[in-house]
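Taken in sequence, the protein lines are chains U and S.
For the first sequence, our numbering puts the final residue at 425, and the numbers step up evenly by one.
For the second sequence, our numbering puts the final residue at 425, and the numbers step up evenly by one.
2 protein chains.
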Amino acid sequence: MLNRRVILALALLAALPGTAVAQARPANPLPSWNDGPARHTIIDFVTRVTAEGSPDFVAPAERIAAFDNDGTLWTEQPIYFQLAFAFDRIKTLARQHPEWRTKQPFKALLARDMQGLSVTGEKGVLEIMAATHAGVTTEDFRKAVLDWTLNARHPRFNRPYTELVFQPMLELLDYLRANGFKTFVVSGGGVEFMRPWMEKVYGIPPEQVVGSSGVVKFQTNGDEKGELVKLAKIEFIDDGPGKPVGINRFIGRRPIFAFGNSDGDLQMLQWTMAGPGARFAGLVHHTDAEREYAYDRNSKVGKLDKALDEATARRWTVVDMKHDWKVIFPSEK
Amino acid sequence: MLNRRVILALALLAALPGTAVAQARPANPLPSWNDGPARHTIIDFVTRVTAEGSPDFVAPAERIAAFDNDGTLWTEQPIYFQLAFAFDRIKTLARQHPEWRTKQPFKALLARDMQGLSVTGEKGVLEIMAATHAGVTTEDFRKAVLDWTLNARHPRFNRPYTELVFQPMLELLDYLRANGFKTFVVSGGGVEFMRPWMEKVYGIPPEQVVGSSGVVKFQTNGDEKGELVKLAKIEFIDDGPGKPVGINRFIGRRPIFAFGNSDGDLQMLQWTMAGPGARFAGLVHHTDAEREYAYDRNSKVGKLDKALDEATARRWTVVDMKHDWKVIFPSEK
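Below, the structure written as structure tokens:
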């Protein structure tokens with residue numbers, strides 16, 4: 093009898109569900125991170141909050157980790173990738189819009205006249221966003237985004253945008269999840285633009301993606317079936333002071349771990365650090381013009397100025413991309 | 093050596109995390125449900141979508157179940173419990189507001205003059221909601237809600253409101269989760285009112301609670317730490333056509349299973365059923381005046397009229413509380 097029970101036990105052990113297996117902690121976490129203060133601080137923090145009996149122990153349900161996306165989990169240069177999607181989509185939709193050939197900002201964009209486009213300013217960008225992000229059902233928009241992730245290429249790296257994610261950060265997401273954290277994206281990007289691909293690329297399901305959104309309207313067809321249509325009206329901007337608001341709205345509890353890379357993440361980091369107990373705040377500092385980009389205080393995209401001062405003053409973790417990361421993108425592994 | 097490995101295996105088996113244990117399917121699911129068409133349809137649906145190789149199989153990630161709260165998971169009579177919370181809180185806060193003694197609608201409420209209160213109409217209710225739900229940090233509001241769940245008593249049943257949850261629905265939540273579903277609340281109730289207690293009562297964590305919300309503002313104190321303050325301005329009403337919108341915004345994918353009890357749930361059920369593959373829509377019909385309440389087409393609270401017609405026409409599952417449920421509340425087990 094003992095034998096049968098033992099065999100059963102071993103069989104059950106082998107059949108453990110993925111979640112249980114994922115709990116096993118890797119022997120060498122964060123392999124793409126150079127051994128330095130950033131890697132050390134992360135591992136020390138995770139060890140302290142997960143060790144039962146530790147004064148810093150945090151129950152698994154409260155292990156909430158929030159990550160900015162643009163510039164933190166993937167590249168954001170030379171322009172935010174969602175804007176690249178919008179530009180590409182204008183080209184796709186132009187066939188159905190012959191009037192765009194003579195109408196700004198579409199005319200400039202279609203003629204690759206970047207100077208002419210920039211003259212149209214913020215108004216031009218908003219018109220492009222409305223033309224590419226509204227008047228479409230949520231399902232059709234989802235398909236357009238997925239199609240773009242498969243076919244579009246980044247101008248400098250000539251590869252799909254979803255391959256320009258940071259390998260060290262993918263490892264960090266895995267490491268946190270293996271230690272019982274629930275990982276969320278909290279991004280200024282559009283939530284309907286991010287959700288279609290993030291589960292596959294980051295292992296983060298749609299319901300754990302927080303972002304900016306436009307108004308969506310429910311309408312029933314003749315047959316009483318319903319569909320959701322995206323309208324050209326901004327509903328919520330999940331950036332700056334909007335990030336703690338978005339976290340409160342979507343997640344409903346304060347993270348104990350947050351990572352960003354720009355001034356738009358400052359309030360999220362402040363809100364994270366203002367809670368009780370052990371906490372972690374991190375910033376990715378883009379210092380590697382050779383392998384990726386180098387920018388901070390004077391950048392139009394992903395400006396990092398006030399948050400860098402605050403990180404220095406409060407001794408938050410600042411990742412020096414050039415020195416802290418062995419590789420940048422998964423393809424370099 | 094084998095012996096040591098066997099002991100290790102058995103030790104590991106004993107240390108299986110809760111999630112893995114919860115996967116075990118109970119031999120007799122839904123014990124508080126009488127054997128009838130409602131119970132049968134639920135079990136048949138869950139069996140079909142979880143059986144590998146079944147034509148109706150649904151991958152675990154897509155097993156999203158959405159539940160209304162008021163009248164579906166807990167009682168909603170004689171008034172929505174959140175309104176009872178607001179009324180009770182006016183009495184608590186009255187000490188700090190001597191001016192309320194002579195000012196409507198507070199004067200009527202404090203004098204238990206329900207006739208006078210009803211004269212103040214919707215405007216009066218909105219004033220009471222603003223006075224009890226705004227001008228407070230999210231953390232202090234959370235404490236007020238938790239305090240109320242411990243101390244307030246329902247006028248008819250004389251027990252805490254959080255004990256007036258439906259035992260058969262608690263079993264249904266457990267049954268779905270044991271079968272790989274992720275359970276969400278999608279309620280017209282305020283999200284900040286629901287989240288503090290739902291994890292303990294329903295096993296549903298804050299990030300899986302979707303509801304109506306007021307505007308919340310991030311503000312930093314002098315020391316640069318931040319806090320979130322609730323303002324007296326409605327931001328989103330998660331009811332009627334707002335429910336599919338709320339599901340899209342918070343969950344980001346269409347449920348395959350939804351349960352409601354009133355016309356406010358109609359669009360959520362339509363949206364759920366309009367997707368491809370196997371789907372389930374259910375309504376709780378309050379037919380038991382003796383053990384709970386009996387109401388439908390003419391009720392001011394939880395009116396069930398159009399959704400009942402649609403459920404009949406489309407053969408959705410309608411739970412007849414009186415005949416389908418052996419017990420109503422957990423205390424009757």
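Beta carbons: idealized from backbone N, C-alpha and C, even for Gly.
Residues of chain U with a CB under 7 Å from the CB of residue i: which are they?
| i | result |
| --- | --- |
| S:Lys317 | Gln362 and Ala366 |
| S:Arg287 | Gly344 |
| S:Val301 | Gly344 |
Of the choices the options, whose alpha-carbon is the least far from that of residue i?
| i | options | result |
| --- | --- | --- |
| S:Gly280 | S:Phe137, S:Arg131, S:Pro347 and S:Gly334 | S:Gly334 |
| U:Gly295 | U:Pro129, U:Thr275, U:Ala203 and U:Gly227 | U:Thr275 |
| S:Leu218 | S:Gly306, S:Asp330 and S:Ala403 | S:Gly306 |
| U:Val337 | U:Asp357, U:Lys322, U:Ala324 and U:Phe349 | U:Asp357 |
| U:Asn243 | U:Leu262, U:Leu122, U:Ala176 and U:Tyr385 | U:Ala176 |
| S:Asp331 | S:Ile171, S:Arg181 and S:Gly352 | S:Gly352 |
| S:Thr241 | S:Val228, S:Thr230, S:Val257 and S:Pro347 | S:Val257 |
| S:Ala370 | S:Lys418, S:Thr133, S:Phe159 and S:Asp148 | S:Asp148 |
| S:Phe159 | S:Met261, S:Ala366, S:Glu299 and S:Lys392 | S:Met261 |
| U:Leu264 | U:Glu191, U:Asn126 and U:Asn250 | U:Asn126 |
| S:Asn120 | S:Trp408, S:Ser423 and S:Asp266 | S:Asp266 |
| S:Thr167 | S:Glu424, S:Glu255 and S:Leu375 | S:Glu255 |
| U:Gln362 | U:Trp289, U:Trp408, U:Leu201 and U:Gln259 | U:Trp408 |
| U:Pro170 | U:Lys418, U:Ala381 and U:Pro368 | U:Ala381 |
| S:Leu375 | S:Arg383, S:Glu402, S:Phe233 and S:Gly216 | S:Glu402 |
| U:Phe349 | U:Gln359, U:Met365 and U:Phe342 | U:Met365 |
| U:Thr404 | U:Ile420, U:Arg248 and U:Ala373 | U:Ala373 |
| U:Asp180 | U:Met290, U:Pro247, U:Glu424 and U:Thr133 | U:Pro247 |
| S:Gly303 | S:Asn161, S:Arg251 and S:Thr312 | S:Asn161 |
| S:Gly128 | S:Phe233, S:Lys425 and S:Met413 | S:Met413 |
| U:Glu154 | S:Met290, S:Thr230, S:Leu165 and S:Pro297 | S:Pro297 |
| U:Thr164 | U:Arg245, U:Val410, U:Thr133 and U:Lys425 | U:Val410 |
Listing by chain order, which chain U residues have their CB less than 8 Å from the CB of residue i?
| i | result |
| --- | --- |
| S:Leu320 | Pro336, Val337, Asn340 and Trp363 |
| S:Ser305 | Arg341 |
| S:Phe177 | The premise fails here: S:Phe177 is roughly 18 Å from chain U at the closest Cβ pair, so nothing lies under 8 Å. |
With DSSP as the reference, please indicate the residues paired to residue i in a beta bridge.
| i | result |
| --- | --- |
| S:Glu319 | S:Gln311 |
| U:Val411 | U:Val376 |
| S:Phe349 | S:Ala157 and S:Phe372 |
| S:Lys274 | S:Ile156 |
| S:Gly306 | S:Ile326 |
| U:Trp166 | U:Asp162 and U:Val257 |
| U:Trp192 | BP columns for U:Trp192 are empty, so no partner. |
Measuring CB to CB, does residue i end up less than 7 Å from residue j?
| i | j | result |
| --- | --- | --- |
| S:Thr184 | S:Gln196 | no |
| S:Val138 | U:Asn340 | no |
| U:Arg287 | U:Val277 | no |
| S:Ile220 | S:Ala178 | yes |
| S:His377 | S:Tyr385 | no |
| U:Asp416 | U:Ala130 | yes |
| S:Lys395 | S:Asp355 | yes |
| U:Ala324 | U:Ala222 | yes |
| U:Gly344 | S:Glu299 | yes |
| S:Ile156 | S:Pro347 | yes |
| S:Leu209 | S:Ala203 | no |
| S:Val228 | S:Lys322 | yes |
| U:Pro152 | U:Gly272 | yes |
| U:Gly318 | U:Phe310 | yes |
| S:Arg383 | S:Ile420 | yes |
| S:Gln174 | S:Phe285 | yes |
| U:Lys418 | U:Ser146 | no |
Taking Cβ-Cβ distances shorter than 8 Å, what residues in chain S pair up with residue i?
| i | result |
| --- | --- |
| U:Thr241 | Within chain S, no residue comes near U:Thr241; the closest Cβ sits about 16 Å away, beyond 8 Å. |
| U:Ala153 | Glu291 and Pro297 |
| U:Val283 | Arg341 and Gly344 |
Under 9 Å Cβ-Cβ, which residues of chain U neighbour residue i?
| i | result |
| --- | --- |
| S:Phe310 | Gly332, Pro333, Gly334, Lys335, Pro336, Val337, Asn340, Gln359, Gln362 and Trp363 |
Could you list which residues in chain S have their beta carbon closer than 7 Å to that of residue i, in chain order?
| i | result |
| --- | --- |
| U:Gly229 | A quick correction: the sequence has Thr, not Gly, at residue 229 of chain U. Going along chain S, no residue has its Cβ under 7 Å from U:Thr229, so there is no contact; the nearest lies around 11 Å. |
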